[in-house]
Amino acid sequence: MPLVARTARQDKVRDLQRTLYRAAKADPGRRFHALYDKVYRRDVLERAWELVRANRGAAGIDRQTIADVEEYGVAKLLDGLAADLKDGSYRPLAARRVFIPKPGRPQEQRPLSIPSVRDRVVQAATKIVIEPIFEADMLECSFGFRPKRSAHDALQVLVDEAWGGRRLVAESDVSDCFGAIPHDRLMSAIEERIVDRQVLKLLRAMLRAGVMQDGALTRNVTGTPQGGVISPCLCNVYLNRLDRQWTERGAGVLVRYADDLLALCRTRAEAEAAPLCQCRVRRS
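For the sequence shown, position 253 (counting from the first letter as 1) is numbered 253 according to this note's numbering, and the numbering increases by one without interruption.
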């Protein structure tokens, strides 16, 4: 595709995202009901494909690779997905479960769930549409898996607060965060902003698709599979409730990077009062 056409399409997608973000920001109580047709919009699906292709990634349980899709025809794949989404026949496959070493702890392994390429495209398209709405609600303390916010930004907050006198740190994390999120409560958090029944049905289908390991299919009522394109976004939607509770009851300055949490405090008493389960207190 010519660069000019690709740039024009990306601009249209960014315009859509900016429009959704501004609408959500302007009205914190607004609940969006006309989103589903945007998920299968051609420019959105094409942008979703570009993101999936750039990330490469392994095949899902159908063994279809990025190269296979390119040989088959990207346009044919996107045409099929758009038709299936539009008529309601789209059904995600179970993700393929693999285990990879944990960074810094090679003797331990963490589960990774790999959706099929076609399902990754649908997840990416869904994320393109819903993420700007929830971004409007995210608090400044949240940094992980968010657009234009990085670990370096979180680190800068730590440096600034330490220079300002907050040198005691209470640290904690959310155990098995991706695997433990209850589907019903996650959907409740999503429904605070989205009431489009077809989008909600699509998200539930993604959560219930399950994982395939050694030929056995497992479906749980908790978890948003680590490895799914949309999972980090859904994790942040759920944990935003924690951030909001902190602003009401917490002590010190909270910095959250995905499921890792730090509370920056001036005194040990303040740090020990931080409402973090099983927190560790140390001086920065």
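By construction, the Cβ of each residue, glycine as well, lies at the ideal position given by its N, Cα and C atoms.
Residue i versus residue j: straight-line alpha-carbon distance, rounded
{"i": "residue 218", "j": "residue 162", "result": "46 Å"}
{"i": "residue 325", "j": "residue 59", "result": "One cannot answer for residue 325 here, as it falls past the ends of the chain, which runs 1 to 284."}
{"i": "residue 68", "j": "residue 92", "result": "18 Å"}
{"i": "residue 194", "j": "residue 82", "result": "21 Å"}
{"i": "residue 140", "j": "residue 149", "result": "10 Å"}
{"i": "residue 281", "j": "residue 171", "result": "For residue 281, the predicted model reports a pLDDT of 45, less than 50, meaning its position is unreliable; a value from the coordinates is still stated below. Answer to the nearest angstrom: the Cα atoms are 6 Å apart."}
{"i": "residue 137", "j": "residue 28", "result": "7 Å"}
{"i": "residue 247", "j": "residue 241", "result": "10 Å"}
{"i": "residue 200", "j": "residue 88", "result": "13 Å"}
{"i": "residue 269", "j": "residue 133", "result": "38 Å"}
{"i": "residue 23", "j": "residue 146", "result": "19 Å"}
Residue range of the beta strand (DSSP E) that includes residue i
{"i": "residue 265", "result": "260–265"}
{"i": "residue 218", "result": "216–218"}
{"i": "residue 213", "result": "211–213"}
Start and end residues, alpha helix (DSSP H) containing residue i
{"i": "residue 43", "result": "42–55"}
{"i": "residue 154", "result": "151–163"}
{"i": "residue 131", "result": "117–135"}
{"i": "residue 36", "result": "36–39"}
{"i": "residue 86", "result": "74–87"}
{"i": "residue 148", "result": "That residue, residue 148, is in no alpha helix (DSSP H); it is neither H nor E in DSSP."}
{"i": "residue 171", "result": "No alpha helix (DSSP H) holds residue 171; the beta strand (DSSP E) holding it covers 168–173."}
{"i": "residue 200", "result": "197–208"}
Anticipated Cβ contact below 8 Å, residue i with residue j, distance rounded
{"i": "residue 189", "j": "residue 237", "result": "5 Å"}
{"i": "residue 107", "j": "residue 100", "result": "Going by Cβ atoms, the distance from residue 107 to residue 100 rounds to 13 Å, so no, they are not a contact pair."}
Close-in-space but distant-in-sequence residues of the same chain around residue i (CB under 7 Å, 5 per side omitted)
{"i": "residue 10", "result": "47"}
{"i": "residue 127", "result": "229, 230 and 233"}
{"i": "residue 211", "result": "94, 95, 97, 113, 218 and 225"}
{"i": "residue 274", "result": "170, 250, 251, 252, 263 and 265"}
{"i": "residue 43", "result": "9, 12 and 13"}
Beta-carbon spacing of residue i, residue j below 8 Å
{"i": "residue 36", "j": "residue 196", "result": "yes"}
{"i": "residue 257", "j": "residue 180", "result": "no"}
{"i": "residue 265", "j": "residue 105", "result": "no"}
{"i": "residue 52", "j": "residue 124", "result": "yes"}
{"i": "residue 62", "j": "residue 116", "result": "yes"}
Own chain partners of residue i with C-beta closer than 6 Å, once the 5 adjacent residues on each side are dropped
{"i": "residue 271", "result": "168, 170, 265 and 281"}
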